[in-house]
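S.K.: Quick note on my numbering: the sequence shown kicks off at 1143 and runs consecutively.
Glycine residues also receive a C-beta, built at the ideal position from the N, C-alpha and C atoms.
The structure presented is a predicted model; accordingly, all values stated were derived computationally and were not measured.
Would you mind keeping the following structure in view while I ask a few things?
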Amino acid sequence: MNLQTDLKISIIGAGVSGISCALLLQKLGFSTTVYSKHSHNTAHTDPTFVSLFPAASIIPHSFNHPELESLYTNSQSFFTTLLEHNFPGVTTHKHYELFAIDEEIPSYAKQILEFRILSSSELSNVLHHPTIPTKTGWEFQCFFADWGIYYPNLISAYLACGGSIIYREISIDELHSLEGDIIVNAAEFGGPALSGDDFKPVIYRGHLLHIKNAPVLKDNNGKIVSYNFTPGADIYSSSEGDPMDIYCYPRNDGWVLGGTRQKGTLNESGSWIGEETKPPFTEMNGQLFPDQLMELHGAIIHSSFGIDIKDYPEVRAKVGYRFMGNKTKGLKIDTQEIGNKLMINNYGHGGAGATLSWGCATKVVNLLSSAIGADPFTAEELCSLLQD
Ligand SMILES: Cc1cc2nc3c(=O)[nH]c(=O)nc-3n(C[C@H](O)[C@H](O)[C@H](O)COP(=O)(O)OP(=O)(O)OC[C@H]3O[C@@H](n4cnc5c(N)ncnc54)[C@H](O)[C@@H]3O)c2cc1C
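See the structure below:
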């Protein structure tokens, strides 16, 4: 390593993106401080602090960027290493993506582990909706982050190696006087205001239902399974008429059910303007949850596993905002000068910030290396820093 590690680095953002970057930079020997407007310790529901909400499959859904392939490949290397070293909350199991319509194989399929298209006879045997026949589908070995375990442990890992978090909001005017020579802008919804990127973000609002104490879903061989299912635009679609999927992912204490992507943005005072939930709906925690989401999941889970969702009435409902990025492309990951400091931007992670957290952190480290004339790191070299 030919790194000049006496540099001080300020990271703005204590979500999964900021903490993943901070952990790598701290492990490389830099002195880092994270600044955060929000505290993950406080029970709050601000939908713009997105790391309160990931479902969190390690699949690049609702995200687009020309470098998606390398970001995703690098992230998978990290999740592989973390799983091998029993990092709390990292799991893997067989995952199904099923469609009642014809669907093209996603470009990231070639990177996914054990990806396999299902034959029509297999499609009729795997999990299914009782009245909506599955037409296309595939299975693969998928990583998941059991969020209530993974994210707090990520923060603990950062603090344990000497990092610190200061809970305060940073304004663009303060950037010049912020401690350190380098700033990482991992502020997601706060990112554009810090980089001077003047635009309203496109948001996909998502509803999550955490069904507490529900049993793990298992296939006939006793293996844990989870699913995304797309019923078809005539049954379940976005406001623009595009077919949408619903999903069910396991947690150590139940399931997380989701599947909404309501398009909108924020007005000047930070309030939602955009698609509203259409009736019939149920009000939970002051938010409207479409009944259709629960009905579709209930039907699949009952017909595939014989489990009645109503037997598990303890439900935690959450609504979060996926920040779909800057004006021209989704993710903003680049460098800019702020006076005599260098700022590395890393915001706009859409529905894949957990998935791409390590790929983006690798890119941030290499943007920094390039700026200070050091050699780039491979993901494997950086992964090895997390092996203790
Ligand atoms: C319903 C839903 C389901 C999702 N499911 C998945 C999934 O299955 N898989 C997946 O990979 N992703 C998923 N995502 C997306 C994922 O949750 C996000 O991409 C990710 O959490 C973004 O993390 P982040 O650290 O970039 O941003 P955030 O978590 O929003 O963190 C931003 C940080 O910046 C701080 N901040 C902001 N402005 C300032 C400022 N001016 N000064 C100081 N601090 C500031 C905030 O306080 C916070 O600490 C989902 C999102 C939603 C809403």
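Return yes when the C-beta of K1505 is under 7 Å from any heavy atom of ligand 1, and no when it is not.
M.R.: No; taking the cut-off as 7 Å, the Cβ of K1505 has no heavy atom of ligand 1 nearer than that.
S.K.: Assign A1302 to one of two classes, buried (16 or more other C-beta atoms within 10 Å of its C-beta) or exposed (fewer than that).
M.R.: A1302 comes out exposed.
S.K.: Taking the straight line between their C-alpha atoms, what separation do you get for G1155 and G1332?
M.R.: Whole-angstrom Cα-Cα distance: 9 Å.
S.K.: Within the present structure, is the beta-carbon of R1464 separated from the nearest heavy atom of ligand 1 by less than 7 Å?
M.R.: Yes.
S.K.: Leaving out the 5 sequence neighbours to the left and right, which residues in its chain are closer than 6 Å to P1422 when beta-carbon positions are compared?
M.R.: D1433.
S.K.: Considering Y1463, what are the terminal residues of the alpha helix (DSSP H) in which it resides?
M.R.: Here Y1463 belongs to no alpha helix (DSSP H); instead the beta strand (DSSP E) covers 1457–1465.
S.K.: Where does the unbroken beta strand (DSSP E) through A1287 begin, and where does it stop?
M.R.: Counting along the chain, the beta strand (DSSP E) containing A1287 begins and ends at 1278–1287.
S.K.: Exposed or buried, which one is E1437 when buried takes at least 16 other CB atoms within 10 Å?
M.R.: Under this definition E1437 is an exposed residue.
S.K.: Among T1276, V1367, C1390, Y1177, which one has its Cα closest to the Cα of S1313?
M.R.: If we check each option's Cα against that of S1313, Y1177 comes out closest.
S.K.: Relative to the C-alpha of L1260, which residue among S1219, V1268, D1387 is closest?
M.R.: That would be V1268, whose Cα lies nearest to the Cα of L1260.
S.K.: With DSSP as the reference, label L1320 as helix, strand or coil.
M.R.: Of the three classes helix, strand and coil, the one that applies to L1320 here is coil, per DSSP.
S.K.: Do T1276 and H1270 count as a contact pair if the criterion is CB distance below 8 Å?
M.R.: Contact flag set, yes.
S.K.: Cα separation between L1336 and I1415?
M.R.: Cα-Cα distance, rounded: 23 Å.
S.K.: Work out the CA separation of I1254 and L1510 for me, nearest whole Å.
M.R.: Taking the straight line joining both Cα atoms gives about 29 Å.
S.K.: I'd like the ranges of any beta strand (DSSP E) spanning at least 3 consecutive residues and lying wholly in the region 1411–1480.
M.R.: Taking only runs of at least 3 residues, the beta strand (DSSP E) segments lying wholly in the region 1411–1480 are 1414–1416, 1423–1426, 1429–1432, 1457–1465, 1474–1480.
S.K.: In the structure shown, what three-state DSSP assignment does Q1404 receive?
M.R.: Looking at Q1404 - three-state DSSP - the assignment turns out to be strand.
S.K.: Tell me whether H1439 is buried or exposed, calling it buried when 16 or more other Cβ atoms sit within 10 Å of its Cβ.
M.R.: It counts as buried.
S.K.: Going by the beta-carbon positions, is the gap between V1326 and I1486 smaller than 8 Å?
M.R.: It is a contact, given that the beta carbons lie within the stated cut-off.
S.K.: For Y1214, is the beta carbon positioned less than 7 Å from some heavy atom of ligand 3?
M.R.: No copy of ligand 3 occurs in the structure displayed; its ligands are ligand 1 alone.
S.K.: CA-CA distance, F1431 and E1417?
M.R.: Their backbone Cα atoms lie some 13 Å apart in a straight line.
S.K.: What span of residues does the alpha helix (DSSP H) with K1354 cover, start to end?
M.R.: Segment 1345–1354 is the beta strand (DSSP E) holding K1354; no alpha helix (DSSP H) there.
S.K.: What span of residues does the alpha helix (DSSP H) with Y1250 cover, start to end?
M.R.: Premise fails: Y1250 is in no alpha helix (DSSP H) and is neither H nor E.
S.K.: What is the rounded straight-line gap between the Cα of F1172 and the Cα of V1367?
M.R.: Each residue's alpha carbon lies about 41 Å from the other.
S.K.: Short check: CB of F1257 to CB of F1241, under 8 Å?
M.R.: No, they are not a contact pair.
S.K.: From this set, D1450, I1201, N1216, which residue's C-alpha is nearest G1492's C-alpha?
M.R.: The residue with the shortest Cα to Cα distance from G1492 is I1201.
S.K.: If you check the beta carbons only, do A1198 and A1496 fall under 8 Å apart?
M.R.: Yes, these two residues count as a Cβ contact at 8 Å.
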